[in-house]
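Asker: Please see the structure below; I have some questions.
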DNA sequence: TTCCGTATGTTAGCCAGCTAACAAACAAAT
DNA sequence: ATTTGTTTGTTAGCTGGCTAACATACGGAA
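Residue numbers (the numbering used here), protein chains in the order written: chain V, 2 to 239; chain A, 2 to 239.
Now the structure itself:
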């Protein structure tokens with residue numbers, strides 16, 4: 002149990018820690034309820050009370066906001082093992098979600114009432130520590146997306162987004178390869194990068210010509226991490 | 002000690018929780034080192050190892066990144082009582098900061114080595130729970146900034162940024178007033194919103210003409226929270 | 001095969017926000 | 001009172017990304 006604690010400051014396998022909390026939860030059904038959702042179904046809607054936390058078992062969830070004009074933006078994509086719908090998603094103490102979460106595919110998850118979850122953490126030190134680490138990683142994750150959005154050049158923005166997605170993906174792979182495959186459409190990239198879909202296609206085309214990514218119709222998007230990274234870090238002074 | 006735990010799900014005074022962890026730390030000097038910084042001094046630089054966590058006692062800290070072109074963007078402003086330089090600011094397990102933190106004014110803080118801090122949390126359940134809540138709040142905070150950056154209309158973007166800053170500020174005020182005063186320059190707003198300084202000035206001028214904010218040279222910026230909020234939420238369909 | 005739905009490629013025209021450059025207003029220091 | 005430094009106001013181009021619209025390619029269903 003202490004292994005992760007002492008290993009953490011060395012920053013090994015940070016991303017994998019995100020999925021660790023689930024291992025500390027009782028699996029005898031005493032905490033939370035297992036629920037299933039089919040593709041497209043809503044896990045929560047903007048006006049729902051934010052009094053539950055979820056852990057994704059199988060499938061994939063997207064968390065989105067939409068503004069007054071109906072423009073949708075993708076705030077997060079949840080992978081199996083990750084917690085989501087966290088505590089204190091409280092905008093202005095109304096305790097409402099203000100976001101929408103939908104199953105992207107056939108999905109199974111555990112829903113736990115916040116009260117119960119907090120009570121459980123209170124009794125279980127290791128689970129709490131694990132959960133704390135999970136949040137640290139998520140915070141870093143979110144701050145990197147912030148960093149990405151601060152860049153206004155399309156190529157740099159997309160490049161950073163792809164690197165970000167690749168580093169999350171890499172956590173699940175066993176070996177450290179330079180080519181990471183992502184299953185994501187241009188439309189979804191557009192929603193994550195805050196760009197229009199056509200311009201994402203144009204920008205992706207440029208990156209493809211530079212051999213920084215590979216993709217074709219129907220084939221997954223393959224990101225060459227080292228090349229992309231050196232592209233992002235390169236001085237483009239003029 | 003349990004008060005905060007049970008109160009949390011009701012989302013009362015969420016923001017104030019951010020500054021709560023400090024109260025749980027031993028003040029006898031047994032944990033961490035007190036350090037002082039003068040205006041402009043660096044707390045850490047991009048290549049420093051990220052093996053400490055900090056708690057701000059007095060003053061103000063800004064955390065920034067700068068890209069290859071030298072463009073600086075403001076990632077966060079730290080207020081007294083808040084922790085910063087969190088665990089796992091580990092980009093690619095190098096364990097480096099990749100950001101720069103500077104004192105904006107005369108500043109005093111506590112620096113604690115991560116190893117020691119984690120060991121302390123491990124022994125002190127209430128401190129850990131408090132710290133966990135702090136992170137939840139910070140995560141929500143960061144996700145709101147994400148949301149703000151996803152909007153490309155300048156007025157909406159600045160409006161959302163001001164609301165965000167105001168809601169953090171409001172935590173320190175005793176009463177719930179509609180007018181919140183902020184001490185921030187157009188240049189800093191530009192760095193937080195990912196916009197150019199001139200266009201921030203233009204946009205702020207528009208908001209001022211709409212009576213959503215008040216400000217003059219040398220006077221602090223006063224944000225009318227309800228008006229701004231209704232402006233942001235209003236349908237601007239055409 | 002054919003049809004349909006969805007993802008990607010591409011272009012023309014427009015416009016919001018950028019850069020650059022300078023002016024003005026004030027504060028603090030001399 | 002001057003000087004210096006800092007912040008804000010403002011404008012004239014310019015450009016990058018947007019919208020809209022359509023073309024193309026592919027997968028799966030019928």
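Virtual Cβ for every residue (Gly too), placed ideally from N, Cα, C.
Only a predicted model underlies this, so the values are computations on that prediction, with no experimental measurement involved.
Checking contacts by CB at 7 Å: is residue 135 of chain V closer than that to chain A?
Answerer: The count along the first chain starts at 1 and reaches residue 135 of chain V at position 134. It does not; no Cβ of chain A falls within 7 Å.
Asker: Are the C-beta of residue 240 of chain V and some C-beta of chain A separated by less than 7 Å?
Answerer: Coverage of chain V is limited to positions 2 through 239, which leaves residue 240 of chain V absent and any answer about it impossible.
Asker: Going by the CB atoms, is the gap between residue 204 of chain A and residue 156 of chain A shorter than 7 Å?
Answerer: For the purposes of this step, residue 156 of chain A is taken as the residue at position 155 of the second chain. For the purposes of this step, residue 204 of chain A is taken as the residue at position 203 of the second chain. Yes. Within cutoff.
Asker: Any idea if residue 44 of chain V is buried or exposed, counting beta-carbon neighbours within 10 angstroms, 16 or more meaning buried?
Answerer: Residue 44 of chain V sits at position 43 when you count from the first residue of the first chain. It counts as buried.
Asker: Could I get the ranges of all uninterrupted alpha helix (DSSP H) runs contained in the segment 188-216 of chain V, with 4 residues as the minimum, in chain order?
Answerer: Complete alpha helix (DSSP H) runs here, min 4: 198-210.
Asker: Is residue 90 of chain V close to chain A? Criterion is C-beta to C-beta, closer than 7 Å.
Answerer: The count along the first chain starts at 1 and reaches residue 90 of chain V at position 89. Since pLDDT at residue 90 of chain V reaches only 38, below the 50 mark, its modelled position is unreliable, and the value read off the structure follows with that caveat. True, the Cβ-Cβ gap to chain A drops below 7 Å.
Asker: In the structure shown, what three-state DSSP assignment does residue 152 of chain V receive?
Answerer: The sequence position of residue 152 of chain V within the first chain is 151, counting from 1. Coil at residue 152 of chain V, not helix or strand.
Asker: Counting only the same chain and skipping the five closest in sequence on each side, list residues whose C-beta sits under 8 Å from that of residue 93 of chain V.
Answerer: Numbered from 1 along the first chain, position 92 holds the residue referred to as residue 93 of chain V. Note that residue 93 of chain V has pLDDT 40, beneath the 50 cutoff, so the model's placement of it is unreliable and no number is given.
Asker: Please list, in chain order, the chain A residues whose beta carbon lies closer than 8 Å to that of residue 85 of chain V.
Answerer: Indexing the first chain from 1 puts residue 85 of chain V at position 84. Within 8 Å Cβ-Cβ: nothing; residue 85 of chain V doesn't reach chain A, min ~11 Å.
Asker: Taking Cβ-Cβ distances below 9 Å as the criterion, which residues of the segment 113-146 of chain A are in contact with chain V?
Answerer: So the list reads 114, 115, 116, 119, 120, 122, 123, 126, 129, 130, 132, 133, 134, 136, 137, 138, 139, 140, 141, 143, 144, 145 and 146, given in the order they occur along the chain.
Asker: With DSSP as the reference, label residue 113 of chain A as helix, strand or coil.
Answerer: On the second chain, residue 113 of chain A is found 112 positions in, with the first residue counted as 1. It is a strand residue.
Asker: What are the start and end residues of each continuous beta strand (DSSP E) run of 3 or more residues lying completely inside the segment 25-56 of chain A, in chain order?
Answerer: Counting whole runs of 3 or more residues, the segment 25-56 of chain A contains the beta strand (DSSP E) stretches 34-38 and 43-45.
Asker: By DSSP, does residue 68 of chain A sit in helix, in strand, or in coil?
Answerer: Here residue 68 of chain A is taken as the residue at index 67 of the second chain, counted from 1. DSSP places residue 68 of chain A in coil when its eight states are reduced to three.
Asker: So if DSSP puts residue 182 of chain A in a beta bridge, which residue, or which two residues, is it bridged to?
Answerer: Taking the second chain and counting its residues from 1, one reaches residue 182 of chain A at position 181. A:223, per the DSSP bridge assignment.
Asker: Hey, does residue 151 of chain V have any beta-carbon neighbour from chain A nearer than 7 Å?
Answerer: The count along the first chain starts at 1 and reaches residue 151 of chain V at position 150. Cβ-Cβ to chain A under 7 Å: yes for residue 151 of chain V.
Asker: Below 8 Å on the Cβ atoms is my contact criterion, and I expect residue 55 of chain A with residue 86 of chain A to pass it. Report the Cβ-Cβ distance as a whole number of Å.
Answerer: Translated into positions along the second chain, residue 55 of chain A becomes position 54. Translated into positions along the second chain, residue 86 of chain A becomes position 85. Indeed, because the Cβ distance is near 5 Å, the residues count as touching under 8 Å.
Asker: With a threshold of 7 Å between beta carbons, is residue 48 of chain V in contact with chain A?
Answerer: Within the first chain, the letter at position 47 stands for residue 48 of chain V. No, its Cβ sits nowhere closer than 7 Å to a Cβ of chain A.
Asker: Spell out whether any CB of chain V is found under 7 Å from the CB atom of residue 148 of chain A.
Answerer: As a working mapping, residue 148 of chain A is identified with position 147 in the second chain. Yes, residue 148 of chain A counts as interfacial toward chain V.
Asker: CA-CA distance, residue 224 of chain V and residue 129 of chain V?
Answerer: Numbered from its first residue, the first chain carries residue 224 of chain V at position 223. Numbered from its first residue, the first chain carries residue 129 of chain V at position 128. Cα to Cα, the separation comes out at about 35 Å.
Asker: In angstroms with no decimal places, state the Cα-to-Cα distance between residue 106 of chain V and residue 122 of chain V.
Answerer: Residue numbering aside, residue 106 of chain V sits at position 105 when the first chain is read from its first letter. Residue numbering aside, residue 122 of chain V sits at position 121 when the first chain is read from its first letter. Each residue's alpha carbon lies about 30 Å from the other.
Asker: Find out if the Cβ-Cβ distance for the pair residue 152 of chain A, residue 146 of chain A is shorter than 7 Å.
Answerer: The sequence position of residue 152 of chain A within the second chain is 151, counting from 1. The sequence position of residue 146 of chain A within the second chain is 145, counting from 1. No, they are not a contact pair.
Asker: Can you tell me whether residue 230 of chain V is helix, strand or coil according to DSSP?
Answerer: Translated into positions along the first chain, residue 230 of chain V becomes position 229. Three-state DSSP puts residue 230 of chain V in a helix.
Asker: Can you pull the DSSP bridge partners for residue 81 of chain A?
Answerer: On the second chain, position 80 is the one that residue 81 of chain A refers to. Answer is none; residue 81 of chain A lacks a bridge partner.
Asker: Is DSSP giving residue 144 of chain A helix, strand or coil here?
Answerer: Sequence index remark: in the second chain, residue 144 of chain A carries index 143 (1-based). In the structure shown, residue 144 of chain A sits in a helix (DSSP, three-state: H, G or I).
Asker: Are any of the Cβ atoms in chain V nearer than 7 Å to that of residue 63 of chain A?
Answerer: Working through the second chain from its first residue, we reach residue 63 of chain A at position 62. Answer no: the Cβ-Cβ gap between residue 63 of chain A and chain V never drops below 7 Å.
Asker: Expressed to the nearest angstrom, what Euclidean distance is found between the alpha-carbon atoms of residue 166 of chain A and residue 183 of chain A?
Answerer: Position 165 of the second chain, counted from the first residue, corresponds to residue 166 of chain A. Position 182 of the second chain, counted from the first residue, corresponds to residue 183 of chain A. Going by the C-alpha atoms only, they are around 8 Å apart.
Asker: For my contact list, residue 34 of chain A and residue 143 of chain V are in at a C-beta cut-off of 8 Å; report their separation, rounded to the angstrom.
Answerer: Here the question's residue 34 of chain A lines up with position 33 in the second chain. Here the question's residue 143 of chain V lines up with position 142 in the first chain. With a Cβ gap of about 29 Å, residue 34 of chain A and residue 143 of chain V do not count as contacting.
Asker: Look at residue 150 of chain V and residue 140 of chain A and say whether their C-beta atoms are less than 7 Å apart.
Answerer: For the purposes of this step, residue 150 of chain V is taken as residue 149 along the first chain, with counting starting at 1. For the purposes of this step, residue 140 of chain A is taken as residue 139 along the second chain, with counting starting at 1. Taking 7 Å as the Cβ cut-off, residue 150 of chain V and residue 140 of chain A do not qualify as a contacting pair.
Asker: For residue 104 of chain V versus residue 65 of chain V, is the C-beta distance shorter than 7 Å?
Answerer: Counted from its first residue, the first chain places residue 104 of chain V at position 103. Counted from its first residue, the first chain places residue 65 of chain V at position 64. The answer is no: Cβ separation not under 7 Å.
Asker: Starting from the C-beta of residue 108 of chain A, find all residues in its chain whose C-beta is less than 6 Å away, skip the five residues before and the five after it, and write them out in chain order.
Answerer: The count along the second chain starts at 1 and reaches residue 108 of chain A at position 107. The residues are 38 and 60.
Asker: Taking Cβ positions, are residue 57 of chain A and residue 110 of chain A nearer each other than 7 Å?
Answerer: In the second chain, the residue the question calls residue 57 of chain A occupies position 56. In the second chain, the residue the question calls residue 110 of chain A occupies position 109. The answer is yes: Cβ separation under 7 Å.
Asker: Check the Cβ of residue 68 of chain A against every Cβ in chain V and list those closer than 7 Å, keeping chain order.
Answerer: Position 67 of the second chain, counted from the first residue, corresponds to residue 68 of chain A. The answer, in chain order, is 152.
Asker: Say whether chain V places a C-beta atom closer than 7 Å to the C-beta of residue 108 of chain A.
Answerer: As a position in the second chain, residue 108 of chain A is number 107, starting the count at 1. No, no contact with chain V.
Asker: Report the residues of the segment 72-83 of chain V with a CB closer than 7 Å to any CB of chain A, ordered along the chain.
Answerer: Answer set for the segment 72-83 of chain V: 74 and 76.
Asker: Thinking C-alpha only, which one of V:136, V:127, V:131 and V:201 is nearest residue 162 of chain V?
Answerer: Numbered from 1 along the first chain, position 161 holds the residue referred to as residue 162 of chain V. Of the candidates V:136, V:127, V:131 and V:201, the one whose C-alpha sits nearest the C-alpha of residue 162 of chain V is V:201.
Asker: How would you label residue 84 of chain V, buried or exposed, when you count the other beta carbons within 10 angstroms and need 16 or more for buried?
Answerer: Within the first chain, numbered from 1, the residue matching residue 84 of chain V stands at position 83. The residue in question, residue 84 of chain V, is buried, as its Cβ has 16 or more Cβ neighbours within 10 Å.
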